[in-house]
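2 protein chains.
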Amino acid sequence: MKAATTIHVLIGTALLGMFANGACAAPAKELPPKPSVADVVKASKPGDWRALDPENTLYMELPTGRVVMELAPSFAPKAAANIRALVREGYFDGLSVIRAQDGFVVQWGDPDEVTPRPFKAARTVDAEFSVPAKGTGQFTLLKERDVYAPQVGHVNGFPVARDPKAGQAWLPHCYAMVGVARDEASNTGNGSQLYTVIGHAPRHLDRNITVVGRIVSGMPLLTVMPRGSAALGFYEKAEQRTPIASVRLAADVPAPERSKLEVMRTESAAFQAVIDAQRNRGGPWTKVAAGAIDLCNVPIPVREQQ
Amino acid sequence: MKAATTIHVLIGTALLGMFANGACAAPAKELPPKPSVADVVKASKPGDWRALDPENTLYMELPTGRVVMELAPSFAPKAAANIRALVREGYFDGLSVIRAQDGFVVQWGDPDEVTPRPFKAARTVDAEFSVPAKGTGQFTLLKERDVYAPQVGHVNGFPVARDPKAGQAWLPHCYAMVGVARDEASNTGNGSQLYTVIGHAPRHLDRNITVVGRIVSGMPLLTVMPRGSAALGFYEKAEQRTPIASVRLAADVPAPERSKLEVMRTESAAFQAVIDAQRNRGGPWTKVAAGAIDLCNVPIPVREQQ
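Same order as they appear, the protein sequences are chains W and L.
Just so you know, we're using the numbering used here here: the first sequence kicks off at 59 and counts up by one.
Just so you know, we're using the numbering used here here: the second sequence kicks off at 59 and counts up by one.
Written out as structure tokens, the structure reads:
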């Protein structure tokens, strides 16, 4: 068995090959050795990384540990601001994970639709299903065509889809991305219920919901939640829900209690090397290099600050 | 909240919209009403479905229930035959789920690489990473381009990728597909360790492993397994593994104990209607119909026999 890596690569992608089954056999035809994603990360320089922004980083404390999510305010400024406001008034503290639908999403917030918990933040927030691409940050194009969008790539550590003709950009529903649940009206998602993608990217939701960020650490705490047996994976009974002790903004947490994480700069050459390592894997296990990569299969490395 | 459906749609796709957050708002602009996947399934005729083949259906009994997988022997005849042989000699009974890597795979079989459980079935099986497309069954083309393969579509209830120039076809690594774990040599996967995809489709594995079928019921029993903390998500301690009571071929199980499932015929007009319902969703919740669909987002409906 190959050695483990300490890097968190959150986008549904293994760094290493599958597992031996113990049988012996003659050596197979091999592809030439090639740096793996782990190798590229190891060879990267400090300038290839940025720390998470404390004003845009949330810690959700569950009984099993901390989930860290990073907001992408350039793609959802109003939603991010309202989530920040909700968090700062302690809105999520004592609420719970209310939904786990297999192969789809895990969702958290207020389970009570009849007498919802009061809050001071906005009750309605304008839809930010897509935003003007200009001003969202430096876009690095992925060369592959995409099934759902004219262009895809990355901005500031997030996967991004774009329509150059319309001049619009949006965050796609890749694994670990965080969206703002809403009712039928477009402006009914105010951040009081959030969800993350736990299965194959449901890209048909793109541009139908405000996507506001991604989970950069702690996904396994959410993906193993028991699936809810009510419609859409909601839990039928209160005791089936996992309680949320608190959600805090990193900026409001004393420095020693903060998670010290950094994300690879997606505008760096190192990130291009990561993509290429995953696009064309080499070495003794791989027999056919894919030669291409799907947006949601691109690993966006996150690690402890060095 | 909308009503639940009783249909198992296993390919990472919700039939219904997201959840309301309790806020009230003026009616939003609506897309015209349109049959949903659930509507199409409801309107389907008995001839749009086929029962699972008992000679190609496996029941894996876990403490939490039964996982049902269907083999696709036209894409992996040798692997399917060896898995059938292993199952018929009771090979898996008393073994365990040995690996859960977040966003990637859950794997089961013999954890002991040093003194593996003896068996009579073949120790090595020729690779079936791709096979001649001719003879694999009636192919229904999906019109969308694919990032990883020249053509994609469906055969007999399974997603399929093809290279028409090479005349080859293979099963892709979509959610719930089952693959044959192997060591570095191509012929070292004999079916004694199998895995299923639990996250975003790791299509870069396509044509590197023999994919032998898919899980048609019971995915949630596997996806919630605690993630292993050793390299590649293997469990470090024996007590962390989930025991497998037995794996049986449906043909060897008395009729009253069989799962009575049927899968939608992927060559039917009903299945085309399913794809279109998912490709272009309508109704009051959806604001933008995707207009396209990714192979691994196509739901392949499975239900109790009617």
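We put the beta carbon where it would ideally sit given N, CA and C, even for glycine.
Using a Cβ-Cβ cut-off of 6 angstroms (strictly less than) and excluding sequence neighbours within five positions of Ala83 of chain L, which residues of its own chain qualify? The predicted model places Ala83 of chain L with a pLDDT of 37, which falls under 50 and marks its position as unreliable, so this point remains unresolved.
Note down, in chain order, every chain A residue with its Cβ under 7 angstroms from the Cβ of Lys178 of chain W. Chain labels in this structure do not include chain A; the protein chains are W and L.
Using three-state DSSP, classify Arg261 of chain L as helix, strand or coil. Looking at Arg261 of chain L - three-state DSSP - the assignment turns out to be helix.
Using a Cβ-Cβ cut-off of 8 angstroms, state whether Ser202 of chain W counts as contacting chain L. Per the sequence shown, the amino acid found at residue 202 of chain W is Glu instead of Ser. Closer than 8 angstroms to some Cβ of chain L, the Cβ of Glu202 of chain W qualifies, so yes.
Would you check if the distance between the CB atom of Val218 of chain W and the CB atom of Cys232 of chain W is smaller than 8 angstroms? Their beta carbons are not under 8 angstroms apart, which means Val218 of chain W does not touch Cys232 of chain W by this criterion.
For chain L, find out if any of its Cβ atoms is closer than 8 angstroms to the Cβ of Val205 of chain W; answer yes or no. Residue-level contact check: Val205 of chain W touches chain L, since one or more beta carbons of chain L fall below 8 angstroms from its beta carbon.
Run the CB neighbour count on Ala185 of chain W, radius 10 Å, all protein chains shown included, and call it buried at 16 or more, exposed below. By the beta-carbon neighbour count (other beta carbons within 10 angstroms, threshold 16), Ala185 of chain W is buried.
Does the beta carbon of Asn140 of chain W sit closer than 8 angstroms to a beta carbon anywhere in chain L? Taking a beta-carbon distance threshold of 8 angstroms, Asn140 of chain W does not count as an interface residue toward chain L.
Spatial neighbours of Gly152 of chain W in its chain, beta-carbon cut-off 6 angstroms, leaving aside the 5 residues before and after: So the list is empty, once near-sequence residues are dropped.
The beta strand (DSSP E) that contains Leu319 of chain W, what's its start and end? Residues Leu319 to Met322.
Give a yes or no on whether 8 angstroms exceeds the smallest Cβ distance from Trp166 of chain W to chain L. Interface criterion not met: the Cβ of Trp166 of chain W is under 8 angstroms from no Cβ in chain L.
Closest Cβ-Cβ distance between Leu74 of chain W and chain L: below 8 angstroms? Residue placement at Leu74 of chain W is poorly supported in this model, since its pLDDT is 29, which falls under 50; the coordinates still yield a value, given next. Yes, because at least one Cβ of chain L sits closer than 8 angstroms to the Cβ of Leu74 of chain W.
Exposed or buried, which one is Leu199 of chain L when buried takes at least 16 other CB atoms within 10 Å? With fewer than 16 Cβ atoms within 10 Å of its Cβ, Leu199 of chain L is classed as exposed.
Counting pairs of Cβ atoms below 8 angstroms between the segment 163-172 of chain L and the segment 320-340 of chain L, do you hit three or more? No, the segment 163-172 of chain L does not touch the segment 320-340 of chain L.
Is it right to say Pro301 of chain W is buried, meaning 16 or more other beta carbons lie within 10 angstroms of its own, or is it exposed? So Pro301 of chain W counts as exposed.
Give a yes or no on whether the minimum CB-CB distance between Ala350 of chain L and chain W is below 8 angstroms. So, interface residue.
Would you give the residue range spanned by the beta strand (DSSP E) that Val213 of chain L belongs to? Annotation for Val213 of chain L: the continuous beta strand (DSSP E) segment containing it runs Gln209 to Val213.
Fully enclosed by the segment 237-286 of chain W, which alpha helix (DSSP H) runs are 4 residues long or longer? Entirely contained in the segment 237-286 of chain W, the alpha helix (DSSP H) runs reaching 4 residues are, in chain order, 277-281.
What does a CB cutoff of less than 6 angstroms around Asp352 of chain L pick up in its chain, not counting 5 residues either side in sequence? Spatial neighbours of Asp352 of chain L in its own chain (CB-CB distance under 6 angstroms, excluding positions within 5 residues in sequence) are not present.
With 8 angstroms set as the bound, which would you pick, yes or no: does the beta-carbon of Lys345 of chain W sit closer than that to a beta-carbon of chain L? Chain L, which has a Cβ nearer than 8 angstroms to the Cβ of Lys345 of chain W, makes this yes.
Taking Cβ to Cβ, would you say Tyr253 of chain L is nearer than 8 angstroms to Val163 of chain L? A contact, by the Cβ cut-off of 8 angstroms.
Anything in chain L within Cβ reach of Ala259 of chain W, meaning under 9 angstroms, just list it in chain order. Those are Gly70, His258, Ala259, Asp352, Cys354 and Asn355, listed as they occur along chain L.
Please name the residues in the segment 275-296 of chain L whose beta-carbon is closer than 8 angstroms to at least one beta-carbon of chain W, in chain order. For the segment 275-296 of chain L, the set of residues with a beta-carbon nearer than 8 angstroms to any beta-carbon of chain W comprises Met277, Pro278, Thr281, Val282, Met283, Pro284, Arg285, Ala288, Ala289, Leu290 and Phe292, in chain order.
For Pro357 of chain L, count neighbouring Cβ atoms within 10 angstroms of its own Cβ and tell me buried if that reaches 16, exposed if not. Buried, by the Cβ-count rule.
For Trp150 of chain W, I'd like the list of residues in its chain whose CB is within less than 6 angstroms of its CB, leaving aside the five on either flank, ordered along the chain. It is Phe, not Trp, that sits at residue 150 of chain W in the sequence shown. For Phe150 of chain W, same chain residues with a beta-carbon under 6 angstroms away, outside a window of 5 residues either side, are Ile302 and Val305 in chain order.
For Tyr149 of chain L, which residues in chain W fall below 9 angstroms Cβ to Cβ? Correct list: empty, because the minimum Cβ distance to chain W is about 12 angstroms.
Using 8 angstroms as the limit for Cβ to Cβ distance, is Phe187 of chain W near chain L? True, the Cβ-Cβ gap to chain L drops below 8 angstroms.
When you compare the CB positions of Phe197 of chain L and Thr268 of chain L, do they come within less than 8 angstroms of one another, or not? No, they are not a contact pair.
Val360 of chain W to Ala308 of chain W, Cα distance in whole Å? Note on geometry: alpha-carbon atoms of Val360 of chain W and Ala308 of chain W lie some 17 angstroms from one another.
Determine whether the Cβ of His262 of chain W lies closer than 8 angstroms to any Cβ atom of chain L. Taking 8 angstroms as the threshold, the shortest C-beta distance from His262 of chain W to chain L falls below it.
For the candidate residues L:Pro91, L:Pro90 and L:Val98, whose alpha-carbon lies nearest to that of Pro331 of chain L? Note on residue identity: the sequence assigns Ala, not Pro, to residue 331 of chain L. The residue with the shortest Cα to Cα distance from Ala331 of chain L is L:Val98.
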